[in-house]
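Residue numbers for the sequence shown, in numbering that gives the first Met the number 0: 0 to 362. Have a look at the structure below before the remarks.
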Amino acid sequence: MKQLMLYCRPGFEKECAGEIQDRASSLEVFGFPRVQKNSGFVLFECYQQGDAAKLVKSLDFKSLIFARQMFAVAVELTDLPREDRISPILQELSEADGMPMCGDLRIETPDTNEAKELLKFCRKFTVPMRQALRGKGILFNKDNPKKPVLHICFVEPGHCYIGYSLPINNSQFFMGIPRLKFPADAPSRSTLKLEEAFHVFIPREEWDERLASGMWGVDLGACPGGWTYQLVKRSMFVHSVDNGLMAQSLMDTGQVKHHQEDGFKFEPPRKNVTWLVCDMIEKPSRVAQLMGEWIISGWAKEAIFNLKLPMKGRYDEVLQDIENLKVFLIKNDVKFKLQAKHLYHDREEITVHVQSLSNISPY
Ligand SMILES: C[S@@+](CC[C@H](N)C(=O)[O-])C[C@H]1O[C@@H](n2cnc3c(N)ncnc32)[C@H](O)[C@@H]1O
């Protein structure tokens with residue numbers, strides 16, 4: 000296998016391509032990305048046979064910022080006949096080298112408007128395709144979340160890429176997108192950004208401990224309150240910092256204190272804050288520095304924040320800001336975990352999560 004498929008937000012193929020090129024070469028896998036603007040995917044062509052399989056195993060998916068999903072391509076099929084797409088897929092897959100037996104099937108498309116129509120077909124196609132794959136022994140008879148995932152990605156009705164990802168090193172979500180429902184009582188659609196960040200960065204089994212009721216959070220750039228809403232919904236108390244107006248529904252909960260102050264100058268009145276979240280529209284380098292200061296002073300244990308992307312040089316800016324933040328934390332002897340992702344609900348921004356693993360007293 001020589002090709003690696005990566006899904007991304009349409010319009011961010013260049014960033015996704017730059018990132019895979021850098022990261023693959025750091026693992027001594029050499030190749031080049033094929034990029035088609037606004038296609039919603041990037042194909043990384045490795046020079047050496049077997050290298051795509053190496054990447055799905057060794058390239059830590061969580062560490063990729065711009066890729067929503069990655070899988071090794073075993074087969075590319077073009078000109079599939081409308082009347083019978085299943086037979087040629089089965090034929091090619093049973094002859095494909097290195098294709099493991101899979102425990103789950105996802106029939107997907109890139110996330111573009113044009114592909115939306117195709118998605119309806121993908122849904123209908125899944126049941127007969129699954130049965131046929133099981134019949135051929137390409138898919139286990141029962142869904143098995145521990146086994147590789149078989150991806151069939153249709154880019155056109157008769158054109159698809161087929162391959163696999165590993166469940167310990169992929170996105171658990173169909174098309175790499177968590178499906179979240181907008182809560183009718185939330186004050187802004189931005190609320191979904193923070194909810195998605197929780198799904199992507201915090202393992203579900205740790206939610207009760209790390210996003211626990213009674214904790215204190217600080218929300219910088221909070222108005223009208225979509226992010227504060229997520230914390231309140233989890234029964235936390237929140238200092239919401241912004242000169243704007245907070246939704247009355249949130250103030251009525253009694254869990255929110257609104258501070259009409261500059262987020263760069265705000266200090267929590269008591270040093271009992273677990274969560275810092277920040278969605279201020281500000282220079283990304285300034286925001287990253289501020290987040291570092293909070294973590295280093297022990298004012299918060301975990302932070303989730305957006306870095307707004309510039310018009311040009313988006314990939315370089317992100318790398319630089321994250322690198323500076325890491326160096327800042329390391330120089331101050333903070334042990335930490337950091338993950339950054341261009342989430343589905345992010346547009347011209349990425350979301351970063353930092354968890355301090357050091358026990359720093361805030362006093
Ligand atoms: C994208 S909005 C936040 C939306 C919010 N997360 C939500 O879900 O409703 C950005 C906010 O950042 C605030 N902001 C920008 N610079 C700020 C600063 N220096 N201090 C405090 N708030 C700031 C703006 O007033 C604005 O309300």
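Built from N, CA and C at the ideal position, the CB exists for glycine as well.
Contact test: residue i Cβ vs ligand 1 heavy atom, cutoff 6 angstroms
| i | result |
| --- | --- |
| Trp226 | yes |
| Asp241 | yes |
| Pro223 | yes |
| Gly216 | no |
| Ile303 | no |
| Glu292 | no |
| Ile349 | no |
| Ile235 | Residue identity differs from the one stated: residue 235 is Met in this sequence, not Ile. The answer is no for Met235. |
| Glu195 | no |
| Ser284 | no |
| Met279 | yes |
| Ser62 | no |
| Asp261 | yes |
| Gly30 | no |
| Gly10 | no |
| Gly220 | yes |
| Ser57 | no |
| Ser189 | yes |
Supposed close pair residue i, residue j - CB separation, criterion 8 angstroms
| i | j | result |
| --- | --- | --- |
| Asp278 | Asn242 | Actually they are not in contact, since the Cβ atoms of Asp278 and Asn242 sit about 14 angstroms apart, beyond 8 angstroms. |
| Val55 | Ala16 | Between Ala16 and Val55 the Cβ distance is about 17 angstroms, and since that is not below 8 angstroms, they are no contact. |
| Val272 | Trp215 | 5 angstroms |
| Val240 | Glu208 | Between Glu208 and Val240 the Cβ distance is about 26 angstroms, and since that is not below 8 angstroms, they are no contact. |
| Leu104 | Leu58 | About 23 angstroms separates the two Cβ atoms, so there is no contact after all. |
| Thr111 | Pro9 | 5 angstroms |
| Lys13 | Cys45 | Wrong, their Cβ atoms sit about 19 angstroms apart, outside the cutoff. |
| Met98 | Gly136 | Met98 to Gly136, Cβ: 11 angstroms. No contact. |
| Val351 | Leu342 | Not confirmed; about 10 angstroms, so no contact. |
For residue i, the first and last residue of its enclosing alpha helix (DSSP H)
| i | result |
| --- | --- |
| Lys123 | Asn112 to Gly134 |
| Asp218 | No alpha helix (DSSP H) holds Asp218; the beta strand (DSSP E) holding it covers Trp215 to Leu219. |
| Arg22 | Glu12 to Ser25 |
| Val34 | First-last for Val34: Gly30 to Val34, but that is the beta strand (DSSP E), not the alpha helix (DSSP H). |
| Phe197 | Thr190 to Phe200 |
| Met0 | Where Met0 is concerned, there is no enclosing alpha helix (DSSP H), given that its DSSP letter is neither H nor E. |
| Glu367 | Not covered by the structure: residue 367. The range shown for the chain is 0 to 362. |
| Leu244 | Looking at the DSSP string, Leu244 is not in any alpha helix (DSSP H), and its letter there is neither H nor E. |
| Leu230 | Gly225 to Lys232 |
| Glu208 | Trp206 to Arg209 |
Span of the beta strand (DSSP E) around residue i
| i | result |
| --- | --- |
| Ser355 | Glu348 to Ser355 |
| Gln288 | First-last for Gln288: Pro283 to Ile295, but that is the alpha helix (DSSP H), not the beta strand (DSSP E). |
| Val240 | Phe236 to Val240 |
| Lys53 | No beta strand (DSSP E) holds Lys53; the alpha helix (DSSP H) holding it covers Asp50 to Ser57. |
| Phe139 | It is not in any beta strand (DSSP E) - Phe139 carries neither H nor E in the DSSP assignment. |
| Thr252 | Counting along the chain, Thr252 falls outside any beta strand (DSSP E), and DSSP gives it neither H nor E. |
| Val276 | Val272 to Cys277 |
| Val41 | Phe40 to Cys45 |
| Phe263 | Here Phe263 belongs to no beta strand (DSSP E), and DSSP marks it neither H nor E. |
Minimum Cβ-Cβ distance from residue i to chain B less than 7 angstroms
| i | result |
| --- | --- |
| Asp184 | The structure shown has no chain B; it contains just one protein chain. |
- Any alpha helix (DSSP H) of 4 or more consecutive residues that is wholly inside the segment 67-109: Within the segment 67-109, the runs of alpha helix (DSSP H) that reach at least 4 residues and sit entirely inside it are, in chain order, 85-94.
- Message: Could you check whether the segment 158-166 touches the segment 62-75, counting it as contact only if at least three pairs of C-beta atoms, one from each stretch, sit closer than 8 angstroms?
- Response: Because the criterion of three Cβ pairs below 8 angstroms is met, the segment 158-166 and the segment 62-75 touch.
- Item | Segment contact, 8 angstroms Cβ cut-off, at least three pairs: the segment 251-269 with the segment 324-332 | No: fewer than three Cβ pairs fall under 8 angstroms.
- Message: Taking 8 angstroms as the cut-off, does the segment 244-256 touch the segment 218-230 (at least 3 CB pairs, one atom from each stretch)?
- Response: Output reads yes: the segment 244-256 touches the segment 218-230.
- Task: Answer yes if the segment 346-361 comes into contact with the segment 307-321, meaning at least three C-beta pairs across the two stretches below 8 angstroms, and no otherwise.
- Result: At 8 angstroms Cβ cutoff, the stretches touch.
- Message: Which runs of the beta strand (DSSP E) at least 3 residues long sit entirely within the segment 154-185? Give them in chain order.
- Response: Fully enclosed beta strand (DSSP E) runs of 3 or longer: 158-164.
- Item | Cβ pair count under 8 angstroms reaching 3, the segment 78-89 against the segment 129-139 | Inter-segment contact for the segment 78-89 and the segment 129-139 is present: three or more beta-carbon pairs are separated by less than 8 angstroms.
- Query: Does the pairing of the segment 229-239 with the segment 170-178 give three or more beta-carbon distances under 8 angstroms?
  - Reply: Three or more Cβ pairs closer than 8 angstroms define a contact, and the segment 229-239 falls short of that threshold against the segment 170-178.
- Cβ pair count under 8 angstroms reaching 3, the segment 291-303 against the segment 331-345: A contact is defined here as three or more CB-CB pairs under 8 angstroms, and the segment 291-303 meets this definition with respect to the segment 331-345.
- Contact between the segment 137-149 and the segment 187-199 (3+ Cβ pairs under 8 angstroms): Flag = no, the segment 137-149 and the segment 187-199 do not touch.
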